[in-house]
Ligand code: CTP
């Protein structure tokens with residue numbers, strides 16, 4: 250896969266540096282990663298400080314460099330190796346010496362870098378650097394095999410003149426090639442990179458007077474989870490969000506706040522033509538007061554009748570404008586004849602996929618942190634899922650979207 254522009258932007262890269270002459274290349278690597286928009290933190294093994302100074306790396310990374318279990322021996326302040334491991338999207342050891350590779354296999358933990366490695370939950374990559382005989386040695390080859398089996402990505406060393414004066418394989422790959430390997434690594438995990446997505450979520454409020462409105466109980470949690478998952482898979486996501494009290498914060502997602510069905514129509518119509526994927530999970534009001542009183546209405550002894558008029562069906566409007574390469578996903582919240590009603594909506598609104606949730610299912614629908622859905626596509630392929638967290642339901646929905654968009 251060719252590299253995708255900006256794929257490293259905002260990625261947290263934890264760079265481990267070990268004691269090899271190739272450590273000098275780490276300075277170039279840090280610079281390239283920063284230029285690509287990545288956030289870089291550096292952990293050094295004690296041996297690596299003989300080859301390159303923490304000051305050089307901290308200056309280039311724009312983050313303090315860690316090499317010791319204690320930050321300050323006088324105050325006893327310690328380096329939180331667990332936090333570093335959790336922060337990272339990937340941990341890259343470059344250069345990785347034969348010694349470090351061996352310690353990784355046996356799980357040794359004799360320095361901060363090894364402790365971070367053992368506590369990291371993120372994927373790990375290594376760029377070995379050593380002399381050719383050390384590289385071809387059975388022990389090193391065995392260690393690399395073991396690491397590959399543990400899903401560590403090995404960036405193969407290059408062939409050429411080595412620091413020993415010998416010629417052969419063992420030279421750490423050049424920083425540019427390591428950046429390309431990282432781009433490929435994230436690109437393979439981001440099947441929706443380069444795609445634009447729009448998600449709507451939450452309720453709409455339709456004003457009755459200056460202080461009252463008609464609304465619904467939608468929390469927006471399902472749409473937020475879908476937006477997060479689309480972004481995690483590399484899409485460029487805009488979330489059009491109705492008035493909900495549930496906080497939302499994902500720096501990778503652009504948020505547009507709306508209030509009424511009309512606002513939602515305007516915000517989504519503006520973006521639809523440039524969206525490859527549109528997911529309409531907002532609970533849009535079907536009716537709104539025909540006239541809005543611009544002051545607070547006074548109560549009286551009489552009955553109050555509010556005349557309602559239909560709102561525009563946003564999803565149907567978008568469906569009628571859809572181009573063949575665009576993917577449109579709707580939601581159906583049903584109480585009776587669930588499958589039939591959802592299939593009807595899919596057809597009427599010209600959708601590619603509909604997410605059906607039934608109010609009959611306990612734990613599904615409005616307000617919950619869980620949902621139980623059935624996905625129906627336009628070829629009538631039906632997949633029913635168990636009750637899951639909304640984050641996991643979003644994974645199922647986005648996996649289906651990814652399949653459909655090819
Ligand atoms: N929807 C929309 N605009 C509306 C109403 C609904 O875009 N004015 C979208 C919702 O976001 C959802 C889908 O249409 O993706 C289905 O909404 P729902 O209210 O279940 O369907 P309706 O077509 O309104 O049918 P009914 O209320 O009769 O079940």
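Numbering (this note's numbering), first residue to last: 250 to 655. Built from N, CA and C at the ideal position, the CB exists for glycine as well.
Practice prompt. Measure from the C-beta of residue 358 to each C-beta in chain B and report whether the shortest distance is under 7 Å.
Written response: Among the protein chains of the structure shown there is no chain B, as only one such chain exists.
Practice prompt. Please find out if some non-hydrogen atom of the ligand ADP comes closer than 6 Å to the beta-carbon of residue 508.
Written response: Absence of the ligand ADP from the depicted structure is noted, with the ligand CTP being the only ligands included.
Discussion item. I want to know whether the stretch 476-489 touches the stretch 439-446 - three or more CB-CB distances under 8 Å.
Written reply: Counting C-beta pairs with one atom in each stretch, the stretch 476-489 and the stretch 439-446 have three or more that are closer than 8 Å, which means they touch.
Discussion item. Buried or exposed for residue 517, going by 16 or more other Cβ atoms inside 10 Å?
Written reply: Counting from 1 along the chain shown, the entry for residue 517 is found at position 268. Its Cβ being crowded by 16 or more others within 10 Å, residue 517 is buried.
Discussion item. Taking 8 Å as the limit between beta carbons, can you name the residues of its chain near residue 543, skipping five residues before and five after?
Written reply: Residue 543 sits at position 294 when you count from the first residue of the chain shown. Excluding positions up to five away in sequence, the list reads 458, 459.
Fill in: Three-pair Cβ contact test at 8 Å for the stretch 304-317 versus the stretch 338-349
Look at the beta carbons and you see the stretch 304-317 not touching the stretch 338-349: under three pairs across the two are nearer than 8 Å.
Item to complete: Would you kindly report the start and end of the unbroken beta strand (DSSP E) that includes residue 550?
Response: Your numbering for residue 550 matches position 301 in the chain shown. In the DSSP annotation of this structure, residue 550 is not part of any beta strand (DSSP E), being labelled neither H nor E.
Worksheet item: Assuming residue 361 contacts residue 330 under a Cβ cut-off of 8 Å, what Cβ separation, rounded to an integer in Å, is found between them?
Response: The residue labelled residue 361 in the question sits at position 112 within the chain shown. The residue labelled residue 330 in the question sits at position 81 within the chain shown. Contact check for residue 361 and residue 330: beta-carbon distance about 6 Å, within the 8 Å limit, so the pair qualifies.
Worksheet item: Based on the DSSP output, what are the partners of residue 559 in its beta bridges?
Response: By 1-based counting over the chain shown, the position of residue 559 is 310. Beta-bridge annotation (DSSP): residue 559 is paired with 536.
Worksheet item: Where DSSP assigns a beta bridge to residue 327, which residues make up the other side?
Response: Within the chain shown, the letter at position 78 stands for residue 327. DSSP output for residue 327 lists 319 as bridge partner(s).
Discussion item. Less than 7 Å between C-beta atoms, sequence neighbours within five positions excluded: which residues of the same chain meet that for residue 615?
Written reply: As a working note, residue 615 is residue 366 in the chain shown. If you ignore the 5 residues before and after residue 615, its C-beta comes within less than 7 Å of the C-beta of 466, 467, 468, all in its own chain and listed in chain order.
Worksheet item: Going by the CB atoms, is the gap between residue 521 and residue 567 shorter than 7 Å?
Response: Start at 1 with the first residue of the chain shown, and residue 567 comes out as number 318. Start at 1 with the first residue of the chain shown, and residue 521 comes out as number 272. A contact, by the Cβ cut-off of 7 Å.
Worksheet item: Can you tell me the Cα-Cα spacing of residue 511 and residue 374, whole angstroms?
Response: One-based indexing of the chain shown puts residue 511 at position 262. One-based indexing of the chain shown puts residue 374 at position 125. Approximately 49 Å between the Cα atoms of the pair.
Practice prompt. Pull up the distance between the alpha-carbon of residue 286 and that of residue 417, whole angstroms please.
Written response: Counting from one through the chain shown, the residue named residue 286 turns up at place 37. Counting from one through the chain shown, the residue named residue 417 turns up at place 168. Within the model, the alpha-carbon separation for residue 286 versus residue 417 is close to 34 Å.
Worksheet item: Would a C-beta distance cut-off of 7 Å place residue 576 and residue 654 closer than the cut-off?
Response: For the purposes of this step, residue 576 is taken as residue 327 along the chain shown, with counting starting at 1. For the purposes of this step, residue 654 is taken as residue 405 along the chain shown, with counting starting at 1. The answer is yes: Cβ separation under 7 Å.
Item to complete: Can you check DSSP and say which residues form a bridge with residue 416?
Response: Taking the chain shown and counting its residues from 1, one reaches residue 416 at position 167. Paired residues: 410.
Discussion item. At a threshold of 6 Å, does residue 471 count as lining the ligand CTP (C-beta to nearest heavy atom)?
Written reply: Position 222 of the chain shown holds residue 471. No - the ligand CTP has no heavy atom lying nearer than 6 Å to the Cβ of residue 471.
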